[in-house]
Ligand SMILES: Cc1cc2nc3c(=O)[nH]c(=O)nc-3n(C[C@H](O)[C@H](O)[C@H](O)COP(=O)(O)OP(=O)(O)OC[C@H]3O[C@@H](n4cnc5c(N)ncnc54)[C@H](O)[C@@H]3O)c2cc1C
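In this note's numbering, the protein residues as written are 231 to 671.
This is the structure we're talking about:
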């Protein structure tokens with residue numbers, strides 16, 4: 231095993247990022263393109279790839295225009311756009327129990343579009359392509375991190391690590407037995423972050439009591455680039471418009487076929503999800519049609535269904551000496567407003583901005599006091615979003631007549647206020663607080 235108790239310059243990397251999901255890969259590019267030596271460590275065997283003839287994958291994300299701006303600056307967006315990407319120009323949200331409804335449109339908000347729906351694999355493959363062309367990034371795929379040793383500091387007792395001689399380095403043990411040293415380790419390893427656990431960072435979490443059922447469907451009517459969400463008593467059902475290549479769209483040769491595919495995210499109780507999962511395709515499609523109030527006509531076809539448990543989690547600390555958490559490792563949020571990846575991308579942009587600025591001033595990359603600038607900028611925005619999602623979930627989950635009345639009146643009231651809707655929409659599009667330079671247009 232290599233001796234990693236060495237002075238700074240001989241470290242394996244300036245920054246080791248664990249997890250090459252959308253957030254970790256974006257951070258790698260931000261730092262790599264700024265000239266820092268990055269090691270990207272990922273458990274998956276190989277980089278994500280995407281082929282034009284592949285069927286739409288079930289995991290998709292609504293990317294805000296602010297996230298788009300970030301990926302544009304990294305040179306990634308043109309590849310995403312040339313692959314498969316669905317701009318949406320409208321949003322419709324309504325309550326299953328009453329007549330409350332709110333509609334947003336790009337026209338009304340004074341913008342060309344509200345966001346894009348992208349398959350996660352498309353975004354990841356575009357990021358990987360850019361990473362391949364970045365000489366300062368080394369990839370270590372097919373290995374997992376099994377050990378973490380942080381430099382001694384005030385937080386040492388919590389991480390039970392030993393002091394590294396000569397340098398404030400972090401040491402990682404990989405599943406193949408290799409030891410890697412870096413000035414800073416970033417945990418981008420997702421909601422069940424092993425690194426967060428190894429570092430002893432606690433989370434505030436609660437089970438939302440819901441499971442998300444995810445699949446791709448084809449409907450009789452075109453989606454018209456509108457993202458729809460209906461709040462059902464057991465949880466929200468989202469129909470997100472999806473881009474599908476003309477050649478893949480069925481029935482072949484029919485003019486509107488490619489505009490009739492949606493990704494669905496149906497959040498509901500585990501029991502109900504189990505029931506829906508077990509239904510034959512025809513029965514499932516019929517229930518789906520009824521659940522979305524027949525807005526898109528018959529649901530003609532559904533792909534394989536997958537389910538994800540939905541927990542809300544927030545890390546008590548985002549940083550320790552030599553360690554930072556980003557993305558779902560720091561906060562996992564209910565998907566009802568499609569904010570998860572976007573919050574993670576903001577984490578990546580702010581952390582990169584702070585690290586590069588500190589590095590230029592000679593601040594050590596793992597300096598906890600400097601890292602706290604990142605957590606101060608991101609923690610409150612993320613906490614607010616988590617609270618908001620919880621509020622929505624409880625508000626729309628309530629069957630009390632008084633609450634039902636208030637939310638229906640509330641939806642109608644907001645729908646009638648153009649200026650308020652413009653403000654709300656701008657916020658949902660990511661325009662909140664002080665944006666990092668990489669996200670400004
Ligand atoms: C049903 C559903 C719908 C959603 N819809 C949206 C949406 O519309 N919009 C949106 O913004 N968000 C959405 N989200 C949330 C979004 O998917 C997540 O916020 C996002 O994927 C988090 O990205 P990440 O890079 O932080 O983590 P992940 O995507 O989880 O990536 C973590 C990576 O780390 C790797 N890894 C883990 N452990 C280790 C280890 N020990 N060593 C090495 N590698 C490791 C994993 O292999 C993985 O590649 C949705 C979530 C769900 C469940």
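Just so you know, even glycine gets a beta-carbon here, dropped at the ideal spot from N, CA and C.
- Residue 573 and residue 563 do touch by the CB rule: their CB atoms are close to 7 Å apart, below 8 Å.
- Rounded to whole angstroms, residue 612 and residue 561 show a C-alpha spacing of 7 Å.
- A distance criterion of 8 Å places the beta-carbon of residue 424 in contact range of ligand 1, judged by its closest non-hydrogen atom.
- Taking C-alpha positions only, residue 408 is separated from residue 402 by approximately 8 Å.
- Look at the beta carbons and you see the segment 543-552 touching the segment 419-431: at least three pairs across the two are nearer than 8 Å.
- The residues 270, 272, in chain order, have a CB closer than 6 Å to that of residue 250 in the same chain once the five nearest residues on each side in sequence are set aside.
- Contact between the segment 260-269 and the segment 354-374 is present: 3 or more CB-CB pairs across the two stretches fall below 8 Å.
- Of the residues assessed, residue 300 falls on the buried side of the cut-off, its CB having 16 or more other CB atoms within 10 angstroms.
- Within its own chain, the residues whose Cβ lies closer than 6 Å to the Cβ of residue 277, once the five positions on either side in sequence are excluded, are 358, listed in chain order.
- Around the beta carbon of residue 610, fewer than 16 other beta carbons sit within 10 angstroms, so the residue counts as exposed.
- Just measuring C-alpha positions, the residue of 638, 502, 624, 577 sitting nearest residue 666 is 577.
- Residue pairing by DSSP places residue 316 opposite 347 in a beta bridge.
- Ranking 439, 515, 457, 414 by CA distance to the CA of residue 448 puts 515 first.
- With fewer than 16 other beta carbons inside 10 angstroms of its own, residue 436 counts as exposed.
- In the DSSP assignment, residue 634 falls within the unbroken alpha helix (DSSP H) covering 631-645.
- Relative to ligand 1, the beta carbon of residue 524 is positioned no closer than 8 Å to any heavy atom.
- DSSP, reduced to helix, strand and coil, places residue 437 within a strand of the structure shown.
- Out of 656, 523, 582, the CA that lies nearest to the CA of residue 329 is found in 523.
- DSSP places residue 295 inside the alpha helix (DSSP H), whose first and last residues are 295-303.
- For residue 627, there is no enclosing beta strand (DSSP E); the enclosing alpha helix (DSSP H) covers residues 598-627.
- By the criterion of a C-beta distance shorter than 6 Å, residue 586 is surrounded in its chain by 264, once the five residues flanking it on both sides are discounted.
- Apart from the 5 residues on each side of it in sequence, residue 651 sits with its Cβ closer than 8 Å to the Cβ of 332, 334, 338, 339, 644, 645 in its chain, given in chain order.
- With respect to residue 414, residue 244 sits close: the two C-beta atoms are nearer than 9 Å.
- Residue 623 and residue 465 have their C-alpha atoms spaced approximately 7 Å apart.
- Contact between residue 292 and residue 663 does not hold, since their C-beta atoms are separated by about 20 Å, which reaches or exceeds 8 Å.
- For residue 609, the distance from the CB to the nearest heavy atom of ligand 1 is not below 8 Å.
- A distance criterion of 8 Å places the beta-carbon of residue 448 beyond contact range of ligand 1, judged by its closest non-hydrogen atom.
- Distance from the CA of residue 500 to the CA of residue 240, rounded to the nearest whole angstrom, comes to 51 Å.
- Out of 584, 504, 591, the CA that lies nearest to the CA of residue 606 is found in 584.
- Under the three-state reduction of DSSP, residue 459 is assigned to strand.
- Here the distance from the Cβ of residue 408 to the nearest heavy atom of ligand 1 is not below 8 Å.
- Taking a contact as a CB-CB distance under 8 Å, the pair residue 313 and residue 356 counts as one, their CB atoms being some 7 Å apart.
- Across the set 425, 318, 445, the C-alpha of 445 shows the shortest separation from the C-alpha of residue 538.
- With a cutoff of 9 Å on beta-carbon distance, residue 254 and residue 399 are scored as not near each other.
- Residue 649 counts as exposed, since fewer than 16 other beta carbons sit within 10 angstroms of its beta carbon.
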